[in-house]
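Just so we're aligned: 468 in the UniProt record's numbering is position 468 of the sequence shown, and the numbers increase by one with no gaps anywhere.
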Amino acid sequence: MKFKILERYTPPSLNLENLVLLTKDHWNDYGFQTMFSVDIFDNDGLKYSIGNIKIGFKDQDISTPTYKKIQKLFNNNIFDSLPSSFFSIGQDVDFYINLFKLPNEIKENFLKSLNDIIYNTQLFNVVQNEHVFNTSLMRGITETIIEQFKRVLDGKSPLSDFKFYFIKKEQDDIGSIKLQFNVYANSTPSTNIHAIIGKNGVGKTTLLNRMILSFINKSDNNEGFYQDSLVLNQYKKIKDDYFSHLIAVSFSIFDPFIPNKKEFKNYSYIGLKESESKLKEPKTYFQNDFLVAFYECMSFSAKKSRWLHAIKNLESDYNFCERKLSSLIDREENEHDDEYEKRILESIHNLSSGHASVLLIITQLVAKVKEKTLVLIDEPETHLHPPLLSAFIRTLSDLLDNRNGVAIIATHSPVVLQEIPKSCVLKIERTGKIIEAFRLNIETFGENVGVLTREVFGLEVLNSGFYNLLTKKVETGKKYNEIIDEFNEQLGTEARILLKMLVRHRDTKD
């Protein structure tokens, strides 16, 4: 690949095949002139306009524009690569997006030849104190933008903030409600998964279903996804491209979600429904759906890489680790299709219902999630034990981070809440027709499950299970040690603490 420096509005006087044109910009950055526009021509002479790049060199001062330095080094302004004293950086995310679309050979040749500091991170550290680097090349480029550049070169979608509302209008049996969702790019902990919690029957699944319906039928102006408007604090419908795709996921045969239909181009359903009136065949749906999604993942290098990353996350679970599922991406030489399929099915044979559900759903999500996808999930805890549920949530969050997506989960599980901050949790309460959403009072990320359970369910917990049993024992008037003996010492730490509190409260009151 050849590079040529070109004056603006001057046609190149040479073969355009396998050529990069660097057109001078003459933009003055506080005395420095480092800017070029980039056009790449492939082996067939097809043109790709990439965007703007800035190129500097060590010890550069304002008296020497970059193009003049290059002209002194190379006859006819043509070169194969720049010396190691030069360094470059694209000027916006689109530059790297356009570059990433090119074949790997062209892309890597370009980045290496111009000593791109995003591609070569060690070079970034070498030149970061250069005057031209800080004054010109990095003008307007923040640390956050640098991270976006890196993401794009790694094949990930650039991250963006999401700030939106879902507004459900009043119906005969239930009032209106407004739910707010804020996702912040590069936040720690991640804010790309939100949870809706509340008692059974409060309307969590109904809300998810209304979200699906409003996404499919965008003509309904009264109900749907909105953004803040700067005018008179009003709300305006989000644009059609705010989310590129919506995926509804359910682990239950009773879900109300709409199954896949040909007319729904930007909607996908992952679940047990074949149609509105028919469920999938239980004995075959897992294998069939998994194979379809798996082959989709293997057909594209980026999806293949995302699937492998997801599986490695899931392998924190012993059962997944033991299966060595990541080895499935390596198809043996001369392995026939039927042999490969047999090996795949043997690897997933006899998985528990929970592990099978997680593997299938994650594989389908990798296959289906596009950039800026909204994923709605109803009660993922149904078939999953806590460690597997945690692994699922972390894997989902990583996938959404890769694709710049968002998930909203309806759940009862404190394990889900452990994996997300309280700013991503909405508690739904309903009294008669009135329905309201609240934020929790305590931080949820990494909090104790017992604490979260009490915070979420409150009196429901105190009036049920071992809480209720201990309360009744205390009401008999027995002492702490007597109750311990009655349970044959079979009380856990939390139960003993609760028992002490109940006895102390009773005795103080008396």
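All C-beta atoms, glycine included, are put in the ideal place defined by N, C-alpha and C.
Straight through space, the alpha carbons of Asn481 and Ser397 are spaced by roughly 47 angstroms. When the Cα atoms are used, Pro158 and Tyr96 turn out to be separated by approximately 10 angstroms. For Ser327, there is no enclosing alpha helix (DSSP H), as DSSP marks it with neither H nor E.
With respect to the C-alpha of Gln33, the residue from Tyr9, Ser352, Val20 and Lys69 having the closest C-alpha is Lys69.
Remark: fewer than three beta-carbon pairs, one from each stretch, lie closer than 8 angstroms, so the stretch 140-149 and the stretch 36-52 are not flagged as touching. In this structure, Phe164 sits near Gln227, with a CB-CB distance shorter than 8 angstroms. Within its own chain, the residues whose Cβ lies closer than 7 angstroms to the Cβ of Val132, once the five positions on either side in sequence are excluded, are Phe32, Thr34, Gly56 and Gln60, listed in chain order. Cβ contact annotation for Ser275 (same chain, cutoff 6 angstroms, sequence separation greater than five): Pro259, in chain order. Remark: C-beta atoms of Val127 and Ile118 do not approach each other more closely than 8 angstroms. Restricting attention to Leu452, Lys169 and Leu314, the CA atom closest to the CA of His412 is found in Leu452. If only complete runs of 4 or more residues are kept, the stretch 468-502 shows the alpha helix (DSSP H) at 480-486, in order along the chain.
By the neighbour-count criterion, in which 16 or more other beta carbons inside 10 Å mark a residue as buried, Gly477 falls on the exposed side.
Annotation: the continuous alpha helix (DSSP H) that includes Val93 extends over Val93 to Phe100.
Beta-carbon to beta-carbon, Leu417 and Ala195 are separated by about 6 angstroms, close enough to satisfy the 8 angstroms threshold.
By the Cβ-count criterion, Glu475 is exposed, with fewer than 16 other Cβ atoms from all chains shown falling within 10 Å of its own Cβ.
Taken through DSSP and simplified to helix, strand or coil, Ser352 comes out as coil. Here Ile442 carries a coil assignment [DSSP, helix/strand/coil]. Ser214 places its beta carbon 8 angstroms or farther from that of Asp378. In this structure, Ile247 sits away from Ile216, with a CB-CB distance that is not shorter than 8 angstroms.
For Lys237, the closest of Asn334, Gly224 and Phe243 by C-alpha to C-alpha distance is Gly224. The Cβ neighbour count for Gln148, taken over all protein chains shown within 10 Å, is at least 16; the residue is labelled buried. With 16 or more other Cβ atoms from the protein chains shown falling within 10 Å of its own Cβ, Gln364 counts as buried.
In the DSSP assignment, Leu6 falls within the unbroken beta strand (DSSP E) covering Lys2 to Leu6. Ile53 sits away from Lys24, with the two beta carbons spaced by 8 angstroms or more. The C-beta distance from Val406 to Val152 rounds to 19 angstroms, too long to fall under 8 angstroms, and the pair is not in contact.
Three or more beta-carbon pairs separated by less than 8 angstroms are not found between the stretch 300-310 and the stretch 331-343, which leaves the two stretches without contact. For Gln227, the enclosing beta strand (DSSP E) starts and ends at Gly224 to Asp228. Going by DSSP, Tyr165 is part of the beta strand (DSSP E) stretching over Phe162 to Lys168. With respect to Ala310, Thr395 sits close: the two C-beta atoms are nearer than 8 angstroms.
Of the candidates Met501, Ser244 and Pro256, Ser244 places its Cα closest to the Cα of Phe264.
Selection Thr493, Lys473 and Leu491 evaluated against Val503 yields Lys473 as nearest (Cα-Cα). In the structure shown, the three-state DSSP call for Lys278 is strand.
Closest by C-alpha distance to Lys218, out of Thr205, Asp240 and Ser357, is Asp240.
For Ile420, there is no enclosing alpha helix (DSSP H), as DSSP gives it neither H nor E. A direct Cα-Cα distance of roughly 18 angstroms separates Gln490 from Met501. A contact is defined here as three or more CB-CB pairs under 8 angstroms, and the stretch 75-95 meets this definition with respect to the stretch 107-115.
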